[in-house]
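These notes are about the structure you will find just below.
Residue numbers (the UniProt record's numbering): 1 to 466.
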């Protein structure tokens, strides 16, 4: 009995013991959960905004997929932190470069070329870093040392020195230091070194000086820059040639003596060959055309360019270039066209110009009409070419579209006047004007009392009345 009762007692107590164990286990779980959420608000914000300081909390937050206000604020905070770190890094690297410059200057003045070679290579590498180049460009002693070592008969030293100077010349203070250090004569001299890298760095640096410093132009001319550059137009590298031709343009612009010197060096012939050879390089085409445009106002160069067939060479580019280059081409042709009255092989050019007059906007139409006016003056073949290709209709249409723009109406009226007299198709040209209903526009222009327009309009009316 006792055993049986004991057995029943034990049996009855076991469920109670089991319940207590489960309760303890549950309490333990809740306690752990409660502890995991016991993190303070400031800790969570700190972990979100500065995860580097709280790696354990940050990893816990990273696992959450819910978007909270704190997590939304975390991203801009991280961006700010990154910016501050980068700024401190920039300051540190700039300071390091500044501290290293005196030692580099000493090494550049060493008698051992091996030492110089290593030092100038280091300067070249530093100049390629945006964080360091400002410190280098603002140090006149270092820039002067770089200009000095280009005189050494060592192509590797020259290459690295000029490479550093080319990067320095991209900064205003650097350009000033190069100029003050007498860098231009050395750069001009380096153009004669038969090493592509040396020449490329030299022309890059010179181009930056000419582009941003007006007084560098006269210095370059005085040092024989034009004479050094012009023969290099026969080189084959398009990138080098683009910088070269733009540098020549800056020297030729508004300087009659430079234009004559360029002509004596057969520069116009070199430009003609360059356009024939490198017509697939838009930037080079544009810089070459700008040179031609600068030369086209010089009477001596104008004659040379026309005799070289430059009108047709430029005409081949009109329809296949961007608007900026097209306008530069039209401006150059217009400057040349007043001396091309006797040219009789300009049919393709005239057809291209008719298309521009028919569809172009104000400035290009004005240029194209001016060219047609010059080319049809006392030239029977050009008049006939224009009439055969519906040029009269295009001119009449332009007159109506831009009836209030004198830059368009004056040359357009002149071209119409030329084509309505003194050639076998004059009668047909007169008929084309009458059929186009342009007479009211012409009569209105006569009443404008603008002398050039009135003169051209009266001449046209006289031809129509014959």
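Yeah, the Cβ is synthetic: ideal placement off N, Cα and C, and Gly gets one too.
Skipping 5 residues on each side, what residues in its chain have a beta carbon closer than 6 Å to that of residue 59? Taking the first residue of the chain shown as position 1, residue 59 is located at position 59. Because residue 59 carries a pLDDT of 49, less than 50, the predicted location of this residue cannot be relied on, and the following value inherits that uncertainty. Closer than 6 Å at Cβ, skipping near neighbours: no residue.
Start-end ranges of the alpha helix (DSSP H) lying completely within the region 230–284, minimum 4 residues: 238–252, 256–264, 267–277
Note the first and the last residue of the continuous alpha helix (DSSP H) segment covering residue 424. Here residue 424 refers to the residue found at position 424 of the chain shown. That residue, residue 424, is in no alpha helix (DSSP H); it is neither H nor E in DSSP.
Measuring straight from C-alpha to C-alpha, what distance separates residue 207 and residue 179? If you number the chain shown from 1, residue 207 lands on position 207. If you number the chain shown from 1, residue 179 lands on position 179. If you take the alpha carbons of residue 207 and residue 179, they lie about 13 Å apart.
Once DSSP output is grouped into helix, strand and coil, what is the label at residue 191? Residue numbering aside, residue 191 sits at position 191 when the chain shown is read from its first letter. Residue state, collapsed to three classes: coil.
How long is the line joining the alpha carbons of residue 380 and residue 442, rounded to whole angstroms? For this step, residue 380 is matched to residue 380 along the chain shown. For this step, residue 442 is matched to residue 442 along the chain shown. Taking the straight line from one Cα to the other gives about 24 Å.
Go through its chain and collect everything with a Cβ distance to residue 409's Cβ below 7 Å, but skip five positions before and after it. To locate residue 409, count along the chain shown from 1; it is residue 409. So the qualifying residues of the chain are 399, 402, 403, 445, 453.
Per-residue burial, residue 468 [other beta carbons within 10 Å of its own, 16 or more giving buried]: The structure shown does not extend to residue 468, since the chain is modelled only from 1 through 466, so no value can be given for it.
Could you check whether the region 356–368 touches the region 387–398, counting it as contact only if at least three pairs of C-beta atoms, one from each stretch, sit closer than 8 Å? yes
Would you identify the three-state DSSP class for residue 214, choosing helix, strand or coil? Counted from its first residue, the chain shown places residue 214 at position 214. Of the three classes helix, strand and coil, the one that applies to residue 214 here is helix, per DSSP.
Nearest residue (CA-CA) to residue 384, options 351, 257, 271, 314: Taking the chain shown and counting its residues from 1, one reaches residue 384 at position 384. Out of 351, 257, 271, 314, 351 has the C-alpha closest to the C-alpha of residue 384.
Quick check: the Cα distance between residue 387 and residue 419, rounded to an integer number of angstroms? Stepping through the chain shown from its first residue, residue 387 is reached at position 387. Stepping through the chain shown from its first residue, residue 419 is reached at position 419. Their Cα atoms are separated by approximately 8 Å.
Mapping the DSSP letters down to three states, classify residue 379 as helix, strand or coil. For the purposes of this step, residue 379 is taken as the residue at position 379 of the chain shown. Note: residue 379 maps to coil in three-state DSSP.
Hey, how far is the Cα of residue 433 from the Cα of residue 413? What you label residue 433 is simply residue 433 of the chain shown in a count that begins at 1. What you label residue 413 is simply residue 413 of the chain shown in a count that begins at 1. Each residue's alpha carbon lies about 11 Å from the other.
Alpha helix (DSSP H) segment containing residue 130, residue limits: What you label residue 130 is simply residue 130 of the chain shown in a count that begins at 1. Here the alpha helix (DSSP H) through residue 130 covers 130–137.
Return yes when the Cβ of residue 329 is within less than 7 Å of the Cβ of residue 305, no when it is not. The residue labelled residue 305 in the question sits at position 305 within the chain shown. The residue labelled residue 329 in the question sits at position 329 within the chain shown. Cβ distance not < 7 Å, so residue 305 and residue 329 don't count as in contact.
Contact set for residue 201: own chain, Cβ-Cβ below 6 Å, skip 5 residues either direction: For the purposes of this step, residue 201 is identified with residue 201 of the chain shown, where counting begins at 1. Excluding sequence neighbours, residue 201 sits near 162, 163, 166.
Could you tell me whether the Cβ atoms of residue 308 and residue 247 are closer together than 7 Å? By one-based count along the chain shown, residue 308 stands at place 308. By one-based count along the chain shown, residue 247 stands at place 247. Cβ distance not < 7 Å, so residue 308 and residue 247 don't count as in contact.
Report yes if the CB atom of residue 108 is closer than 7 Å to the CB atom of residue 119, and no otherwise. Locating residue 108 in the chain shown gives position 108, where the first residue counts as 1. Locating residue 119 in the chain shown gives position 119, where the first residue counts as 1. Against a cut-off of 7 Å, the Cβ pair of residue 119 and residue 108 comes out as a contact.
What number of angstroms, rounded off, separates the C-alpha of residue 143 from the C-alpha of residue 173? For the purposes of this step, residue 143 is identified with residue 143 of the chain shown, where counting begins at 1. For the purposes of this step, residue 173 is identified with residue 173 of the chain shown, where counting begins at 1. Spanning the two alpha carbons is a distance of roughly 11 Å.
Within 10 Å of its beta-carbon, does residue 423 have 16 or more other beta-carbons around it, so buried, or fewer, so exposed? The sequence position of residue 423 within the chain shown is 423, counting from 1. Answer is buried; the Cβ neighbour count reaches 16.
Applying the criterion that 16 or more other CB atoms from any shown protein chain within 10 Å of the CB defines a buried residue, is residue 411 buried or exposed? Sequence index remark: in the chain shown, residue 411 carries index 411 (1-based). The residue is buried, with at least 16 neighbouring Cβ atoms inside 10 Å.
Cβ-Cβ distance between residue 261 and residue 275 below 7 Å: Position 261 of the chain shown, counted from the first residue, corresponds to residue 261. Position 275 of the chain shown, counted from the first residue, corresponds to residue 275. No, Cβ-Cβ distance for residue 261 and residue 275 is not below 7 Å.
Which term fits residue 280, buried or exposed, when burial requires 16 or more other beta carbons within 10 angstroms of its beta carbon? On the chain shown, residue 280 is found 280 positions in, with the first residue counted as 1. By the 10 Å Cβ count, residue 280 comes out exposed.
Count the other CB atoms within 10 Å of the CB of residue 324; is the residue buried (16 or more) or exposed (fewer)? Along the chain shown, one-based indexing puts residue 324 at 324. Flag for residue 324 reads exposed.
Here's the rule I'm using: 16 or more other beta-carbon atoms within 10 Å means buried, otherwise exposed. How should residue 186 be labelled? Here residue 186 is taken as the residue at index 186 of the chain shown, counted from 1. Looking at its Cβ environment, which holds 16 or more other Cβ atoms inside 10 Å, residue 186 is buried.
May I ask which residues mark the beginning and end of the alpha helix (DSSP H) holding residue 304? For the purposes of this step, residue 304 is taken as residue 304 along the chain shown, with counting starting at 1. First-last of the alpha helix (DSSP H) with residue 304: 299–307.
Secondary structure at residue 437, three-state DSSP: helix, strand or coil? Locating residue 437 in the chain shown gives position 437, counting from the first residue. Residue 437: coil per DSSP, three-state reduction.
Is residue 192 close to chain B? Criterion is C-beta to C-beta, closer than 7 Å. This model lacks chain B altogether; it includes just one protein chain.
Collapsed DSSP secondary structure at residue 456 in the structure displayed: Your numbering for residue 456 matches position 456 in the chain shown. Here residue 456 sits in helix by DSSP.
Give me, in chain order, the residues of the same chain whose beta-carbon lies closer than 7 Å to that of residue 273; leave out the 5 immediate sequence neighbours on both sides. In the chain shown, residue 273 corresponds to position 273, counting from 1. Excluding positions up to five away in sequence, the list is empty.
How should residue 466 be labelled, buried or exposed, when 16 other C-beta atoms within 10 angstroms of its C-beta is the threshold for buried? Indexing the chain shown from 1 puts residue 466 at position 466. It is exposed - the Cβ of residue 466 has fewer than 16 other Cβ atoms within 10 Å.
According to the neighbour-count rule (16 or more other Cβ atoms, all chains shown, within 10 Å of its Cβ), is residue 317 buried or exposed? Within the chain shown, residue 317 is the residue found at index 317, counting from 1. Residue 317 comes out buried.
Assuming residue 168 contacts residue 116 under a Cβ cut-off of 8 Å, what Cβ separation, rounded to an integer in Å, is found between them? The residue you call residue 168 lines up with position 168 of the chain shown. The residue you call residue 116 lines up with position 116 of the chain shown. About 18 Å separates the two Cβ atoms, so there is no contact after all.
Beta-carbon proximity list for residue 378, same chain, < 6 Å, skipping 5 on both sides: Walking along the chain shown from the start, residue 378 turns up at place 378. Answer for residue 378: 341, listed in chain order.
Pop quiz: residue 284 and residue 339 are said to be a contact at Cβ under 8 Å. What is the actual Cβ separation, rounded to whole angstroms? Here residue 284 refers to the residue found at position 284 when the chain shown is read from its first residue. Here residue 339 refers to the residue found at position 339 when the chain shown is read from its first residue. That pair is no contact at about 26 Å.
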